[in-house]
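K.L.:
Number of protein chains: 2
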Amino acid sequence: MKVGIAGLGVVGAGVVRLLDEHADVLAARIGRPVKVVAVSARDKRKKRDMPKGGWRWYAKAEELAADPEVEVVVELIGGADGTARNLVEAALKAGKGVVTANKAMLAMHGAKLAALAEKNNAPLAFEAAVAGGIPIVKALREGLIGNRIDSITGILNGTCNYILTEMRTTGRDFGEVLAEAQALGYAEADPSFDVDGIDAAHKLAVLTSLAFNTAVDFRAVHVEGIRHVSALDISFAREFGYRIKLLAIARRTAKGIEQRVHPCMVPADTPIAHVDGVFNAVAAAGDYVGPVLFEGRGAGSNPTASAVVADLADLAAGRHAPAFGVPAVKLHPLKAAAMADHVGRFYIRLIVRDQPGVLADVSAVLRDHKISIESLVQRGRAEGDKQPVAVVLISHEAREADMARALKRIAMLRSVLQPPALIRIEQL
Amino acid sequence: MKVGIAGLGVVGAGVVRLLDEHADVLAARIGRPVKVVAVSARDKRKKRDMPKGGWRWYAKAEELAADPEVEVVVELIGGADGTARNLVEAALKAGKGVVTANKAMLAMHGAKLAALAEKNNAPLAFEAAVAGGIPIVKALREGLIGNRIDSITGILNGTCNYILTEMRTTGRDFGEVLAEAQALGYAEADPSFDVDGIDAAHKLAVLTSLAFNTAVDFRAVHVEGIRHVSALDISFAREFGYRIKLLAIARRTAKGIEQRVHPCMVPADTPIAHVDGVFNAVAAAGDYVGPVLFEGRGAGSNPTASAVVADLADLAAGRHAPAFGVPAVKLHPLKAAAMADHVGRFYIRLIVRDQPGVLADVSAVLRDHKISIESLVQRGRAEGDKQPVAVVLISHEAREADMARALKRIAMLRSVLQPPALIRIEQL
Chain A
1 MKVGIAGLGV
11 VGAGVVRLLD
21 EHADVLAARI
31 GRPVKVVAVS
41 ARDKRKKRDM
51 PKGGWRWYAK
61 AEELAADPEV
71 EVVVELIGGA
81 DGTARNLVEA
91 ALKAGKGVVT
101 ANKAMLAMHG
111 AKLAALAEKN
121 NAPLAFEAAV
131 AGGIPIVKAL
141 REGLIGNRID
151 SITGILNGTC
161 NYILTEMRTT
171 GRDFGEVLAE
181 AQALGYAEAD
191 PSFDVDGIDA
201 AHKLAVLTSL
211 AFNTAVDFRA
221 VHVEGIRHVS
231 ALDISFAREF
241 GYRIKLLAIA
251 RRTAKGIEQR
261 VHPCMVPADT
271 PIAHVDGVFN
281 AVAAAGDYVG
291 PVLFEGRGAG
301 SNPTASAVVA
311 DLADLAAGRH
321 APAFGVPAVK
331 LHPLKAAAMA
341 DHVGRFYIRL
351 IVRDQPGVLA
361 DVSAVLRDHK
371 ISIESLVQRG
381 RAEGDKQPVA
391 VVLISHEARE
401 ADMARALKRI
411 AMLRSVLQPP
421 ALIRIEQL
Chain B
1 MKVGIAGLGV
11 VGAGVVRLLD
21 EHADVLAARI
31 GRPVKVVAVS
41 ARDKRKKRDM
51 PKGGWRWYAK
61 AEELAADPEV
71 EVVVELIGGA
81 DGTARNLVEA
91 ALKAGKGVVT
101 ANKAMLAMHG
111 AKLAALAEKN
121 NAPLAFEAAV
131 AGGIPIVKAL
141 REGLIGNRID
151 SITGILNGTC
161 NYILTEMRTT
171 GRDFGEVLAE
181 AQALGYAEAD
191 PSFDVDGIDA
201 AHKLAVLTSL
211 AFNTAVDFRA
221 VHVEGIRHVS
231 ALDISFAREF
241 GYRIKLLAIA
251 RRTAKGIEQR
261 VHPCMVPADT
271 PIAHVDGVFN
281 AVAAAGDYVG
291 PVLFEGRGAG
301 SNPTASAVVA
311 DLADLAAGRH
321 APAFGVPAVK
331 LHPLKAAAMA
341 DHVGRFYIRL
351 IVRDQPGVLA
361 DVSAVLRDHK
371 ISIESLVQRG
381 RAEGDKQPVA
391 VVLISHEARE
401 ADMARALKRI
411 AMLRSVLQPP
421 ALIRIEQL
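In the order they appear, the protein sequences are chains A and B. Using full-length UniProt numbering, you'd call the opening residue of the first sequence number 1 and step up by one each time. Using full-length UniProt numbering, you'd call the opening residue of the second sequence number 1 and step up by one each time.
1. Determine the DSSP secondary structure at Asn157 (chain A), reduced to helix, strand or coil.
2. Closer than 8 Å by beta-carbon distance: list the chain B residues that pair up with Ala317 (chain A), in chain order.
3. Pick helix, strand or coil for Tyr347 (chain A), following the three-state DSSP scheme.
4. Please check if any C-beta of chain A sits within less than 8 Å of the C-beta of Ala313 (chain B).
5. Quick check on Ser209 (chain B) - is its C-beta less than 8 Å from some C-beta in chain A?
6. Identify which residue in B:Ala104, B:Phe212, B:Ala66 and B:Lys35 has its Cα closest to the Cα of Asp194 (chain B).
7. Classify Ala316 (chain A) as buried or exposed, calling it buried when 16 or more other Cβ atoms lie within 10 Å of its own Cβ.
8. Roughly how far, in whole angstroms, is the beta-carbon of Arg84 (chain A) from the beta-carbon of Tyr58 (chain A), given that I think they are within contact range, below 8 Å?
9. Expressed to the nearest angstrom, what Euclidean distance is found between the alpha-carbon atoms of Val352 (chain B) and Val289 (chain A)?
10. For Pro291 (chain B), report the span of its beta strand (DSSP E) as first-last.
11. If you count every other CB in all the chains shown that lies within 10 Å of the CB of Lys245 (chain A), and 16 or more means buried, which is it?
12. Would DSSP call Glu279 (chain B) helix, strand or coil?
13. Please state if the CB of Ala215 (chain B) and the CB of Ala323 (chain B) are separated by a distance shorter than 8 Å.
14. Between the region 194-212 of chain B and the region 154-170 of chain B, can you find at least three pairs of beta-carbon atoms closer than 8 Å?
15. Asp311 (chain A): which of A:Thr165, A:Phe126 and A:Val292 sits nearest, CA to CA?
16. Only counting runs of 4 or more residues, tell me where the alpha helix (DSSP H) segments fall wholly within the region 18-93 of chain B, in order along the chain.
17. Would you say the region 406-420 of chain B touches the region 351-367 of chain B, given that touching needs at least three Cβ pairs under 8 Å?
18. Phe212 (chain B) to Glu258 (chain B), Cα distance in whole Å?
19. Name the two residues that bound the continuous beta strand (DSSP E) containing Lys112 (chain B).
20. Relative to the C-alpha of Glu118 (chain B), which candidate in B:Asp20, B:Lys330 and B:Arg141 has its C-alpha closest?
21. Tell me the DSSP bridge mates of Arg424 (chain A)?
22. How about Ile272 (chain B): is its C-beta nearer than 8 Å to some C-beta of chain A?
23. Ignore the nearest five residues each way along the sequence and tell me which others in His274 (chain B)'s own chain have a CB closer than 6 Å to its CB.
24. Ends of the beta strand (DSSP E) at Arg252 (chain B)?
25. CB-CB under 7 Å to Gln387 (chain B), same chain, minus the five flanking residues each way: which ones, in chain order?
26. Take Val308 (chain B) as the anchor and find which of B:Leu164, B:Lys2 and B:Val11 has the nearest alpha-carbon.
27. To the nearest angstrom, report how far apart Trp55 (chain A) and Pro68 (chain A) are at their CA atoms.
28. Under a Cβ-count criterion, where at least 16 other Cβ atoms within 10 Å of its own Cβ denotes burial, should Thr100 (chain B) be classed as buried or exposed?
29. Whether or not the region 219-232 of chain A and the region 260-270 of chain A are in contact is what I'm after, with contact meaning three or more pairs of Cβ atoms, one per stretch, closer than 8 Å; do they touch?
30. Does the count of Cβ pairs from the region 132-146 of chain B and the region 130-143 of chain A closer than 8 Å reach three?
31. Just tell me which of A:Phe279, A:Arg251, A:Gly298 and A:Phe294 has its CA closest to the CA of Asp287 (chain A).
32. What did DSSP end up calling Val392 (chain A) once you bin it into helix, strand or coil?
33. By the 10 Å Cβ neighbour count, where 16 or more other Cβ atoms means buried, how is Arg29 (chain B) classified, buried or exposed?
34. At the 8 Å Cβ level, is Asn157 (chain A) part of the contact set with chain B, yes or no?
35. Using 7 Å as the cut-off, classify the Cβ of Leu87 (chain B) as near or not near the heavy atoms of the ligand GDP, replying yes or no.
36. Check whether the Cβ of Pro123 (chain B) lies closer than 8 Å to any Cβ atom in chain A.
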């Protein structure tokens, strides 16, 4: 099978390296060789960690789609629109298979691209778009095909998981750990895409479509990042037997499908609480299989190359499945459950002036919003009155909208000195 | 696609139930309906937890292979030989696809059956044979196809994992917990197959073939069960920061491929140490993907049905892969590393008479066999001399053969009151 690769960054170079290093065993496993015949990258002279090949170079990625020898295009450019999308659409229209790692594009245009692929009888594969080397796309689409999936819970962004793990193990604050992660190359110079939860939300939107056979709907994802997670909250989490993780959750509820990305407290003894550092994990619950968990490296040159090559092998061996589990025409629009209707338990941390009546005021607001308290802890009481102290409340199950309204009222109390911190508790 | 099912125990009934309950969504996902048209089971009148169908009944399972309407035979009878093997061979010879959950048969005749399948251009699939609902066969064969796999480490027997978990959490001894597991239906009346490690070894032999593209070689598996694991050793494990798990390990070494099933001490902070109760898990290390871990229910009607139906879906959708990752003629014979050459760390627990000179004698034997001690702990010293006390030694890396010879000598020392207990330490 003859392949054209667009984008020769660390992932593209990894794919070239893998196909070269394992050429013989891959040919034996697949039944025929997979060979790169053309590439496109901005800088032809740049030094890359990969073997040299006799491939054709194209300055414009879109030209790969027109190369008559190229049977499959690997798109590793990135970005929801622009060159990446133009290339993918051109390749599909030419009846060529497409393998992509582009979660932003899939999150924005996934259903349309799947329809275009089917119309042209061209496969569209994207194992590398979610959770790096973990073969979660194949697992959901084929391995768990017999199940009605009821929920997906993932740690889908290695940068956030690394930062939260470092904060927990060193006690340092977000800003300090982020700066270190940037110096180490674990976080981008502009970290917003990762730490504000957008990257995880793109991946969640793709997983949701696969799991529930709904059209990808990125705009329905509720997204919060980890910037507001403080060392203080991490230390309280430990005290209460929790760990803080940025989770991406999709769940079937009576009101529709919830899709949300936000920091969560998870019980310290659940498997997902132990997924640390740059690792990713996806837990799924199926009606027949029960709970399953997949864990591995979520990014990096080699793990992502492993996923790209798995897709290439499927295409070369003629193993096809609809991109999102069912043919595009059968993807039903996602009926989104409103975040305001979400019901769950909450961790609320306040900084209050230590004086009589504060807890009575806070409790009254919560009562007025029908929120009942499971436990309440006050910490940091110093000698002398009226010092700032931390108060932590753990709620019983409450509606998101009620909690939001209550917190707005609480923030306005004169004795409450900082905006309240809220972290949702997931029992899993 | 028209299916015949042989064996209507809990798994067979689960498959019938799943295909019925999810008929519509499966047809959408696969592209065509999957329908049971014939079954075979010993007792036609037995009450089963499944819907009734208009299928043909066969008293003899082998007759399913001759039913002209049956395109795929699902073999859920079990046993390495006899009816199960006869049926599978007859079906393959008739060019029909076979889906089986029969690990004993695959462990004994896997390579031959794969060759027979290819000769007759009939697919052979067995996702349900290993680790229940976890799609590990597909993950190794397709999802990680780009990797050279260097090791596989699995918790592959739910009965043993349940017993060891109960022993750890309750402090009770093996016999007591086994009796309870039998009462609860988690262990068979004759538990040998599970607790002596044979079932896990069957599954490991299959995974080894998939991971290393070698012919299945069950006889090369070193097998020990969990009968000799004592509450005392579990309590020492905790003290040293370990948990005891029955692991199934296949590993590429300089001397060949190791395959071994035995109780292991694993560091309490590794993910596999937290796989508890009836859950299974498989960790794999690939040269590109790095470490990956898959966890889920390893047995039971519904999870196993989920795996059987995944295979049926692949067959119905025309997704084929060689049974063990490469065509049968390319499976090379497994070059087995001798267990005597295994190198690792060891936990040794002795019961000795508490008198001067005992530790000197033990240490001298170990020194004579070139085994060096990382730590040594004596516990249980009571008032008065010559009482039995427990002594625990943790060794540095040592050769299995040296350790076996040393333990034989130590067992003969007059002050050593019981046969020494040995548990291998796996760092993972």
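Don't be surprised by glycine CBs; every beta carbon is placed ideally from N, CA and C.
P.N.:
Answer, in terms of the structure:
1. coil
2. His320 and Ala321
3. strand
4. yes
5. no
6. B:Ala104
7. buried
8. It should be noted that the sequence gives Ala, not Arg, for residue 84 (chain A). Not confirmed; about 14 Å, so no contact.
9. 49 Å
10. Gly290 to Arg297
11. buried
12. Reading off the sequence shown, one finds Phe at residue 279 (chain B), where the question assumed Glu. Strand, per DSSP.
13. no
14. yes
15. A:Phe126
16. 23-30 and 83-93
17. yes
18. 11 Å
19. Element bounds for Lys112 (chain B): not the beta strand (DSSP E) but the alpha helix (DSSP H), Lys103 to Lys119.
20. B:Lys330
21. A:Cys264 and A:Phe346
22. no
23. none
24. Tyr242 to Thr253
25. Asp354
26. B:Val11
27. 14 Å
28. buried
29. yes
30. yes
31. A:Arg251
32. strand
33. buried
34. no
35. The ligand content of the structure shown is nil, which means the ligand GDP is not present either.
36. no
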